[in-house]
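Position 295 (the sequence shown) corresponds to 324 in the working numbering; numbering is contiguous. The C-beta atom is built at its ideal place from N, Cα and C for all residues, glycine as well.
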Amino acid sequence: MFKCLLFGLLASAMAVLGGCNTMRHSGPMSDHFDGEKFFNPGHRSHKSFLDVLKWKLTETSVPWPEEISLTSAPWENKKVSPGKVRVTYVNHASILIQSSTQTILTDPVYSKRVSPLSWAGPKRRKLPGIPFENLPPIDVVLISHNHYDHMDKETLRRLQERGNPLVLAPLGDCRVLEDISGLRCEELDWWQKRAVDEVQIEFCPAQHWSARGMFDRNESLWGSYALQVEGKTIYFAGDTGFGNHFEAIAKRYPQVDLALLPIGAYAPRWFSKDHHLNPEEAVKAHQVLGAKKSLGIHFGTFKLTDEAYEEPAQRLSEELERLKISKEEFLAKDNGFDLWLE
């Protein structure tokens, strides 16, 4: 029993703090890179392995169901006409964005666990909204940061084998993916742009951190993405705490048609507040961005933290009601939900 508990703690710690070491990024210093490590400008915080142990040994976690059925209708691939964009919530932070010419997938995760260990760590409680074999050909993959629930190497390997999409990743992360033969990976710094046909992609800041190993904390960058496609602006927040980066992004993109904002994995707050939005902060980010519509992500698939399965959507609904914001303006839907921007 003790060994099971110990392995569980280690797997959880590695899922949060990383599980294998990587080579360090080298490049010029900037307002978020000191020559060795990346950091959040004006906000440096650090949670150690001991903090993870403290959390896990004192947690008041609410159990989730072992298996959760999908409530959305089976997903069907449909032709997207010029001038329209289809957005589908696949699972966790995996979002499928389709235009008439490009198909983009964010932080694709299809593994059964988000952990360096295949037999331990946070496990999947709900299937993806689109089975892997039903995914359309993917042109571009966007990676927000290198945590296991966002940069899933096995899923990236499967995507490379079926179509070899272009992978855009933060500074320092392509080297982590070098063992995926033939993978096309390009790194981006904050505020760096990349055009893919008519789609404009900009890598934007986020307030977070990175690690794949116990000793490589913040040796690669993290961030979010702004996409301009078919005359629409879509913002993908990745994983982030609340910070002034939302104001900076709003100034660059004064008309956000859809914001994809995390609403889960936030408890306990003493551990998670600096780097994970809770539902109330997600609504605040929605307001700062001036988004026409937002979709909650990063909840309901993997039990990463202590909150109950139903809590993120419930708290989001309560906050919208408190602020008298239409619940159609900020949605929290099941895996497989899709919407159209026209």
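Item: In chain order, which continuous runs of the alpha helix (DSSP H) of length 4 or greater are located wholly inside the segment 290-366?; Value: 298-301, 308-318, 340-351
Item: Under 8 angstroms between the Cβ atoms of residue 266 and residue 179?; Value: no
Item: How far does the beta strand (DSSP E) with residue 229 in it reach, from first residue to last?; Value: 228-233
Item: Is the beta carbon of residue 116 sitting closer than 8 angstroms to the one on residue 287?; Value: yes
Item: Which same chain residues end up closer than 6 angstroms to residue 218 when comparing Cβ atoms and leaving out the 5 residues on each side of it in sequence?; Value: 200
Item: Answer yes if the segment 249-259 comes into contact with the segment 169-183, meaning at least three C-beta pairs across the two stretches below 8 angstroms, and no otherwise.; Value: yes
Item: Using a Cβ-Cβ cut-off of 8 angstroms (strictly less than) and excluding sequence neighbours within five positions of residue 291, which residues of its own chain qualify?; Value: 122, 266, 267, 268, 269, 305, 306, 311, 325, 326, 327, 328
Item: Excluding sequence positions up to five away, which residues of its chain have a Cβ less than 6 angstroms from the Cβ of residue 361?; Value: 325, 342, 345
Item: So what does DSSP say about residue 127, is it helix, strand or coil?; Value: strand
Item: Thinking C-beta only, is residue 323 closer than 8 angstroms to residue 359?; Value: yes
Item: Consult DSSP for residue 369 and reduce its assignment to one of helix, strand or coil.; Value: strand
Item: Let me confirm a value: residue 72 is counted as buried when at least 16 other C-beta atoms fall within 10 Å, else exposed. Which label applies?; Value: exposed
Item: Residue 169 to residue 348, Cα distance in whole Å?; Value: 35 angstroms
Item: DSSP three-state call for residue 248: helix, strand or coil?; Value: coil
Item: Mapping DSSP to helix, strand and coil, what is residue 88?; Value: coil
Item: My output table needs one value for residue 154: the three-state DSSP class, helix, strand or coil.; Value: coil
Item: Would you kindly report the start and end of the unbroken alpha helix (DSSP H) that includes residue 184?; Value: 182-192
Item: Could you tell me the distance, in whole angstroms, from the CA atom of residue 202 to the CA atom of residue 124?; Value: 20 angstroms
Item: On a CA-only basis, which of 356, 278, 353 is nearest residue 319? Give me that one, please.; Value: 278
Item: So, do the segment 208-228 and the segment 145-160 have three or more beta carbon pairs nearer to each other than 8 angstroms?; Value: no
Item: From which residue to which residue does the alpha helix (DSSP H) around residue 276 run?; Value: 274-281
Item: Strictly by DSSP, which residues pair up with residue 214?; Value: 196
Item: If you measure between the beta carbons of residue 233 and residue 255, is that distance less than 8 angstroms?; Value: yes
Item: Counting Cβ pairs closer than 8 angstroms, one from the segment 106-116 and one from the segment 53-62, do we hit at least three?; Value: no
Item: Let me know if residue 284 comes out buried or exposed under the rule of 16 or more other beta-carbons within 10 Å of its beta-carbon.; Value: exposed
Item: Below 8 angstroms between beta carbons: does that hold for residue 154 and residue 103?; Value: no
Item: Is it buried or exposed, residue 20, if we count other Cβ atoms within 10 angstroms and call 16 or more buried?; Value: Only positions 30 to 371 of the chain appear in the structure, and residue 20 is not among them; the question remains open.
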